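**Student:** At position 106 of the sequence shown the residue is numbered 106 (the UniProt record's numbering), and the sequence of numbers has no breaks. For each residue, glycine too, the CB sits at the ideal point set by N, CA and C. The structure presented is a predicted model; accordingly, all values stated were derived computationally and were not measured.
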Amino acid sequence: MKISVVGSINMDMTVTAERIPQKGETLKGGELKYIPGGKGANQAVAMARLGADVEMFGCVGEDENGRMLLENFKREGVKADHIQVIPGVVTGIALITVGDQDNTIIVVEGANGRVDRAYVDSIAQELLQSELVVLQHEIPIDTVEYVVELCSSHGIKVILNPAPAHPVKAEVLEKVTYLTPNEHEAVILYGEWETEELLRRYPEKLLITQGSRGVSIARKDGSILTVPARKSTVVDTTGAGDTLNGAFAARMAEGAELEEALRFANVAAGLSTEKFGAQGGMPTKAQVEQELERMGK
């Protein structure tokens with residue numbers, strides 16, 4: 001099954017510190033690293049490492065970061081033939097501080113802002129050859145909604161990871177196959193609901209990630225399935241959510257049952273936190289399967 005990702009492509013500028021600085025505070029940083037990132041790109045790389053047939057759609061600037069990121073897709077086995085290079089615009093950048101097993105992130109949109117309706121129209125023929133399309137919120141929300149409508153009208157399944165948090169039209173959310181917010185993002189989308197009650201409104205569609213408490217979804221009979229997070233020796237949590245989404249998409253594309261896909265995704269996300277960088281710790285399919293076997297799952 002071909003999976004397509006329409007989303008952001010960033011260069012992550014990541015610095016380590018003993019902890020996250022407080023407002024107005026200056027801390028001494030450790031090593032500064034330039035690491036391929038962007039939620040869309042991260043999820044595509046996670047899928048490719050897990051053996052999925054995946055193509056990335058998006059935009060980069062005509063600069064050194066853009067060239068490096070295109071090369072990274074080639075190395076990772078992600079198809080990138082239809083990524084548009086935009087002259088005079090910088091490639092997207094994420095400024096990341098990592099400290100005390102947590103992080104803060106500021107994103108500079110750059111060329112990601114050019115992933116618009118005109119771009120989608122230019123790649124629609126290729127996109128519509130997909131059986132599953134994955135989206136996030138680091139490109140314009142109007143584009144996200146446009147792609148959902150396009151895929152829905154052609155019977156193509158869509159996974160929407162609504163991060164960073166931003167409201168989405170209710171009629172658009174109804175056309176999404178799987179929606180994967182964290183607890184904060186779920187409030188932005190639906191308002192204040194008790195988690196289990198909200199899950200039961202959207203059985204086998206809405207799955208809510210809850211950090212160390214794992215991920216939950218409602219079955220069709222109304223029962224709540226919660227898959228606990230894997231206990232990990234955390235080095236860097238950057239990209240863990242992207243790994244979970246990519247792994248979930250890859251397993252669902254292979255025809256896995258929902259519970260099995262969530263267990264696989266949780267383990268992949270846990271493994272990803274044990275190395276530095278969003279993509280640095282993303283595991284292969286063999287590594288996830290080996291860990292599942294070790295855990296007796």
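Applying the 10 Å Cβ sphere with the 16-neighbour rule, what's the burial state of residue 43?
**Tutor:** So residue 43 ends up on the buried side.
**Student:** Tell me which same chain residues have a C-beta within less than 8 Å of the C-beta of residue 20, skipping the five on either side of it?
**Tutor:** Excluding residues within five positions, the ones whose Cβ falls inside 8 Å are 97, 99, 100, 102, 103 and 104.
**Student:** Between the stretch 231 to 240 and the stretch 252 to 259, can you find at least three pairs of beta-carbon atoms closer than 8 Å?
**Tutor:** Judged by Cβ distances under 8 Å, the stretch 252 to 259 makes no contact with the stretch 231 to 240, as fewer than three pairs qualify.
**Student:** On the DSSP letters alone, give me the boundaries of the alpha helix (DSSP H) that residue 34 sits inside.
**Tutor:** That residue, residue 34, is in no alpha helix (DSSP H); its beta strand (DSSP E) goes 32 to 37.
**Student:** Out of 171, 279 and 292, state which residue places its alpha-carbon closest to the alpha-carbon of residue 35.
**Tutor:** Taking only the C-alpha atoms, the option nearest residue 35 is 279.
**Student:** Just to confirm my understanding: we take residue 246, look at its own chain, exclude 5 residues before and 5 after, and list those with CB closer than 6 Å. What are they?
**Tutor:** Within the same chain, residue 246 has close Cβ partners 43, 46 and 47.
**Student:** Grab me the residues of residue 53's own chain with a C-beta within less than 6 Å of its C-beta, minus the 5 sequence neighbours each way, in chain order.
**Tutor:** Counting only Cβ-Cβ distances below 6 Å, and skipping sequence neighbours, we find 2.
**Student:** Beta strand (DSSP E) containing residue 98: first to last residue?
**Tutor:** Note, residue 98: beta strand (DSSP E), 92 to 99.
**Student:** Mind pulling the alpha helix (DSSP H) runs of 4 or more residues that sit fully within the stretch 192 to 277?
**Tutor:** Fully enclosed alpha helix (DSSP H) runs of 4 or longer: 195 to 201, 240 to 253 and 258 to 272.
**Student:** To which residues of the same chain is residue 262 closer than 6 Å at the C-beta, ignoring the five residues directly before and after it?
**Tutor:** Same-chain partners within the cutoff: 215 and 227.
**Student:** How big is the Cα-Cα spacing for residue 260 and residue 146?
**Tutor:** Residue 260 and residue 146: Cα-Cα distance of roughly 31 Å.
**Student:** Report the CB separation of residue 217 from residue 206 in whole angstroms; it is logged as a contact under 8 Å.
**Tutor:** Their Cβ separation, rounded to whole angstroms, is 7 Å, which keeps residue 217 and residue 206 in contact under 8 Å.
**Student:** Here's the rule: buried if 16 or more other CB atoms are within 10 angstroms of the residue's CB, otherwise exposed. What is residue 201?
**Tutor:** Its Cβ having fewer than 16 others within 10 Å, residue 201 is exposed.
**Student:** Hey, which unbroken runs of the alpha helix (DSSP H) at 4 residues or more fall wholly within the stretch 121 to 178?
**Tutor:** The stretch 121 to 178 contains these whole alpha helix (DSSP H) runs: 141 to 153 and 170 to 173.
**Student:** For residue 230, which residues in the same chain have their Cβ closer than 7 Å to its Cβ, ignoring the five residues on either side in sequence?
**Tutor:** Correct list, in chain order: 266, 267 and 270.
**Student:** Specify the secondary structure class of residue 15 as computed by DSSP and reduced to three states.
**Tutor:** Strand.
**Student:** Using only alpha-carbon positions, find the residue among 13, 24, 32 and 51 that is nearest to residue 284.
**Tutor:** Of the candidates 13, 24, 32 and 51, the one whose C-alpha sits nearest the C-alpha of residue 284 is 51.
**Student:** Helix, strand or coil: which one does DSSP assign to residue 55?
**Tutor:** Looking at residue 55 - three-state DSSP - the assignment turns out to be strand.
**Student:** Should the stretch 74 to 93 be regarded as contacting the stretch 106 to 114, the criterion being three or more beta carbon pairs within less than 8 Å?
**Tutor:** Flag = yes, the stretch 74 to 93 and the stretch 106 to 114 touch.
**Student:** Could you say if the stretch 67 to 76 and the stretch 131 to 147 meet the contact criterion of at least three C-beta pairs nearer than 8 Å?
**Tutor:** Because the criterion of three Cβ pairs below 8 Å is not met, the stretch 67 to 76 and the stretch 131 to 147 do not touch.
**Student:** Could you say which of 80, 220, 213 and 17 lies nearest to residue 30 if we only look at CA atoms?
**Tutor:** Checked all of 80, 220, 213 and 17; the closest Cα to residue 30 is 17.
**Student:** What does a CB cutoff of less than 8 Å around residue 288 pick up in its chain, not counting 5 residues either side in sequence?
**Tutor:** For residue 288, where only same-chain residues beyond five positions count, the Cβ hits under 8 Å are 50, 247, 264, 267, 268 and 271.
**Student:** What residue does the beta strand (DSSP E) around residue 84 start on, and which one ends it?
**Tutor:** Run containing residue 84: 84 to 86, per the beta strand (DSSP E) assignment.
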